[in-house]
Amino acid sequence: MRKRLKILKIYHLPLFIALILAITQFVLSSNFTLTRWEGGGFGMYSEPNPNSSRIVVISIKNPDGEINLRLNPPDNKIFSYIKKMKGKKKDDWDKLIEDSDRIRRFPKYALTDEYIRKVANELLDINYSLNLKMRSNNNPITVNVYVIQLKLNIKDNSMQTQELYSKILNI
Amino acid sequence: MFISNFLKRYKKQNFILLLFFVFLIVSTLNPYRLEYFVKFLILPISILVVVFPVLLKEWKIWLLTSIFLVLNLFFNYLHTSNHLFIATYFSWIVTLILISKHDFQDSLRISSKYLLALVMGMAVVHKITSPEFYSGSFMSFEFLLGLRYFFPIILLWPNFNSYIEENRSIYTEIFNKNFDEEINYNLVSPGEEFFIFSKVLSFLTIFYEAIVMLFLLVYPKYRRLTHILLISFIWFTYLYTNENSFFSMLCILGYVISYEDQKKIRTLYILTIILMLSMDVIGFRSGFLRY
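First to last, the sequence lines map onto chains A and B. When we follow this note's numbering, the leftmost residue of the first sequence carries the number 11, and every step to the right adds one. When we follow this note's numbering, the leftmost residue of the second sequence carries the number 365, and every step to the right adds one.
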């Protein structure tokens, strides 16, 4: 046993860390919605890239109406509006879109209540400019952020959407 | 005189370590690969090492580089490409060997061999546990949507581009849906033979990666064959994937595990690294010739 331990050297440490991280990533990607492409598990090209197969959508409902918008890749309405923004507002939106990209890669970890609240409030703030016809009054609001996965089935050559993860919050 | 002195200065140093820093410089040029603030830490160090290659065996330089690369993983975990994970492990291995004063070449060779085997092994594990991959769906998805280009497809199905056109419009349509209900579309394809082709290609990929991993585990036994398998895997896969940096990193590891008498193999690795890094700088993506 001692002899075996002697073979181990300090410079083997990164290899053990690499192995642990890769196994962790494999468990997270197999059971907890992390994409196989990210996180140091070397699983790229074993499933479609999240950039081309995962979509983050927000749905806001209140008695006045309903908004269904794509957060990532950003819906044209949001995208063109952000482009025109300036200053802190633009920075806030850029951060929200950046975070939605993290949600796309690892929904279970990155989709937090705080994020849902923030993005819903920002959307309600600009809903007149986006012509979404939603009043920001005191009515209760139900917000649902969900991640959709595109699945291709080789047997019948079909491409379907499937909900990968979702979170609902009343604000 | 000046030039020959300059070149001598480089020759004396470990050329592959120098290429590793060139690889880091190229990585900082890509807007998405490294965390913004880490770029400003890594770039000056890498340039310094390339200009003064005498620093290549300086453990303090390697320690700083390793710390910065870990910072990048920490702040950018969900956006860091896998080759930067490999670069981080490699950098730490070099640092620890230099600090512990073990025999540099041998220690680096053994560690890099296992690192390479781990990369290939995990790639196999992911592929055999992903139903989308082993069913051939993933490959056909990529080809039918033109997300990847593989030249034999055009030879087998000359009008394949028209299928891509049509599928792209279906794909765009899906992205513009409201998503309040499930969507089910049928893609157009050349037929049953194409799916068999995708399936065979998927199985071949798994098989090839597994073989490379097994040869790496018993390395240096069959050392020539191992390098031939590794480099042919890199070149074959390179033709239909967008992985200039990942394959450069694999070549760096391949070179490190090679022996001094394997001059041809080493030259091949160096040429491949230089070519792929140059392609990366000019933005050439071999697997995306069409789009």
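We put the beta carbon where it would ideally sit given N, CA and C, even for glycine.
Check: Which of the three DSSP states, helix, strand or coil, is assigned to Tyr-441(B)?
Finding: Numbered from its first residue, the second sequence carries residue 441(B) at position 77. DSSP places Tyr-441(B) in coil when its eight states are reduced to three.
Notebook entry, point to check: Expressed to the nearest angstrom, what Euclidean distance is found between the alpha-carbon atoms of Phe-497(B) and Lys-491(B)?
Noted result: As a working mapping, residue 497(B) is identified with position 133 in the second sequence. As a working mapping, residue 491(B) is identified with position 127 in the second sequence. The alpha-carbon of Phe-497(B) is positioned some 6 Å away from that of Lys-491(B).
Item checked: Enclosing alpha helix (DSSP H) for Thr-452(B) [first to last residue] -> Here residue 452(B) refers to the residue found at position 88 when the second sequence is read from its first residue. Per DSSP, the unbroken alpha helix (DSSP H) holding Thr-452(B) starts and ends at 446-464.
Notebook entry, point to check: Candidates Ser-410(B), Ser-622(B), Tyr-623(B), Asn-606(B): which alpha carbon is nearest Leu-393(B)'s?
Noted result: Taking the second sequence and counting its residues from 1, the one referred to as residue 393(B) is at position 29. Nearest option by C-alpha distance: Ser-410(B).
Note to self: Can you pull the chain A neighbours of Thr-493(B), defined as C-beta to C-beta under 7 Å?
What the structure shows: Numbered from its first residue, the second sequence carries residue 493(B) at position 129. For Thr-493(B), the neighbours in chain A by C-beta distance under 7 Å run, in chain order, Ser-40.
Notebook entry, point to check: What's the C-alpha gap between Pro-516(B) and Phe-611(B)?
Noted result: Taking the second sequence and counting its residues from 1, one reaches residue 516(B) at position 152. Taking the second sequence and counting its residues from 1, one reaches residue 611(B) at position 247. Rounded to whole angstroms, Pro-516(B) and Phe-611(B) show a C-alpha spacing of 21 Å.
Notebook entry, point to check: In whole angstroms, what is the alpha-carbon distance linking Ala-481(B) and Val-153(A)?
Noted result: Taking the first residue of the second sequence as position 1, residue 481(B) is located at position 117. Taking the first residue of the first sequence as position 1, residue 153(A) is located at position 143. One C-alpha to the other measures close to 46 Å.
Note to self: Suppose you measure from the CA of Ser-69(A) to the CA of Leu-29(A); what does that come to, to the nearest Å?
What the structure shows: Mapped onto the first sequence, residue 69(A) falls at position 59. Mapped onto the first sequence, residue 29(A) falls at position 19. Taking the straight line from one Cα to the other gives about 40 Å.
Next item on the list: Give the straight-line distance between the Cα atoms of Tyr-655(B) and Phe-507(B), rounded to the nearest whole angstrom.
Entry: Here the question's residue 655(B) lines up with position 291 in the second sequence. Here the question's residue 507(B) lines up with position 143 in the second sequence. Low local confidence applies: a pLDDT of 42 at Tyr-655(B) is under 50, so the model's placement there is unreliable, and no value is given.
Checklist line | chain B contact for Val-157(A) (CB, 8 Å cutoff) | finding: Taking the first sequence and counting its residues from 1, one reaches residue 157(A) at position 147. Val-157(A) does not count as touching chain B.
Margin query: Excluding the 5 residues flanking Asn-82(A) on each side, which residues of the same chain have their C-beta closer than 6 Å to its C-beta?
Written below: As a position in the first sequence, residue 82(A) is number 72, starting the count at 1. Around Asn-82(A): Val-66, Ser-110, Asp-111, Arg-114.
Note to self: Helix, strand or coil for Tyr-156(A)? Go by DSSP, reduced to three states.
What the structure shows: The count along the first sequence starts at 1 and reaches residue 156(A) at position 146. Secondary structure of Tyr-156(A) (DSSP, three-state): strand.
Notebook entry, point to check: Among the residues of its own chain, which have a CB less than 6 Å from the CB of Tyr-156(A), if the five just before and after it don't count?
Noted result: The residue you call residue 156(A) lines up with position 146 of the first sequence. These residues qualify, in order along the chain: Val-67, Glu-173, Ser-176.
Notebook entry, point to check: What residues from the segment 622-647 of chain B come within 8 Å of chain A, judged by C-beta to C-beta, listed N to C?
Noted result: Residues passing the 8 Å Cβ filter: none.
Notebook entry, point to check: Does the pairing of the segment 158-173 of chain A with the segment 595-602 of chain B give three or more beta-carbon distances under 8 Å?
Noted result: Between the segment 158-173 of chain A and the segment 595-602 of chain B there are fewer than three inter-stretch CB-CB distances shorter than 8 Å, so the stretches are not counted as touching.
Next item on the list: Anything in the segment 95-115 of chain A with a Cβ closer than 7 Å to a Cβ of chain B? List those residues in chain order, please.
Entry: Close to chain B, meaning a Cβ-Cβ distance shorter than 7 Å, are the following residues of the segment 95-115 of chain A: Arg-112, Arg-115.
Checklist line | Boundaries (first-last residue) of the beta strand (DSSP E) holding Lys-71(A) | finding: Along the first sequence, one-based indexing puts residue 71(A) at 61. Residues 64-72.
Notebook entry, point to check: Using a Cβ-Cβ cut-off of 8 Å (strictly less than) and excluding sequence neighbours within five positions of Pro-58(A), which residues of its own chain qualify?
Noted result: In the first sequence, residue 58(A) corresponds to position 48, counting from 1. The answer, listed in chain order, is Leu-160, Leu-162.
Notebook entry, point to check: If you measure from the beta carbon of Ile-164(A) to each beta carbon in chain B, is any gap under 8 Å?
Noted result: Here the question's residue 164(A) lines up with position 154 in the first sequence. Chain B contact via Cβ: present.
Next item on the list: Find the nearest neighbour of Glu-124(A) within the set Met-169(A), Asn-180(A), Thr-34(A), Thr-171(A), judged by alpha-carbon distance.
Entry: Here residue 124(A) is taken as the residue at index 114 of the first sequence, counted from 1. Nearest of Met-169(A), Asn-180(A), Thr-34(A), Thr-171(A) to Glu-124(A), Cα basis: Asn-180(A).
Notebook entry, point to check: Of the residues Phe-438(B), Phe-387(B), Leu-420(B), Glu-422(B), which one's Cα is nearest the Cα of Leu-407(B)?
Noted result: For the purposes of this step, residue 407(B) is taken as the residue at position 43 of the second sequence. That would be Phe-387(B), whose Cα lies nearest to the Cα of Leu-407(B).
Notebook entry, point to check: Is Glu-663(B) buried or exposed, if buried means 16 or more other CB atoms sit within 10 Å of its CB?
Noted result: Not covered by the structure: residue 663(B). The range shown for chain B is 365 to 655.
Notebook entry, point to check: Checking contacts by CB at 8 Å: is Gly-326(B) closer than that to chain A?
Noted result: This structure does not reach residue 326(B), given that chain B is present from 365 up to 655, and the question cannot be answered.
Check: Are Met-329(B) and Met-577(B) closer than 8 Å when you measure CB to CB?
Finding: The structure shown does not extend to residue 329(B), since chain B is modelled only from 365 through 655, so no value can be given for it.
Notebook entry, point to check: Going by alpha carbons, who is nearest to Gly-53(A) out of Leu-31(A), Asp-74(A), Asn-72(A), Arg-64(A)?
Noted result: By 1-based counting over the first sequence, the position of residue 53(A) is 43. Among Leu-31(A), Asp-74(A), Asn-72(A), Arg-64(A), the Cα nearest to that of Gly-53(A) is on Leu-31(A).
Item checked: Buried versus exposed, by CB contacts within 10 Å (16 or more), Asp-644(B) -> Your numbering for residue 644(B) matches position 280 in the second sequence. Its Cβ being crowded by 16 or more others within 10 Å, Asp-644(B) is buried.
Next item on the list: Consider the Cβ of Leu-594(B): report whether some Cβ of chain A lies at a distance smaller than 8 Å.
Entry: Working through the second sequence from its first residue, we reach residue 594(B) at position 230. So no, Leu-594(B) is outside the interface.
Check: Using a Cβ-Cβ distance under 8 Å, would Thr-43(A) count as near chain B?
Finding: As a working mapping, residue 43(A) is identified with position 33 in the first sequence. Chain B, which has no Cβ nearer than 8 Å to the Cβ of Thr-43(A), makes this no.
Note to self: Going by DSSP in three states, Leu-162(A) sits in which element: helix, strand or coil?
What the structure shows: Mapped onto the first sequence, residue 162(A) falls at position 152. In this structure, Leu-162(A) counts as strand in the three-state DSSP scheme.
Margin query: Taking the alpha-carbon of Arg-80(A) as reference, which of Leu-133(A), Pro-24(A), Pro-73(A) has the nearest alpha-carbon?
Written below: By one-based count along the first sequence, residue 80(A) stands at place 70. Nearest Cα to Arg-80(A) within the set Leu-133(A), Pro-24(A), Pro-73(A): Leu-133(A).
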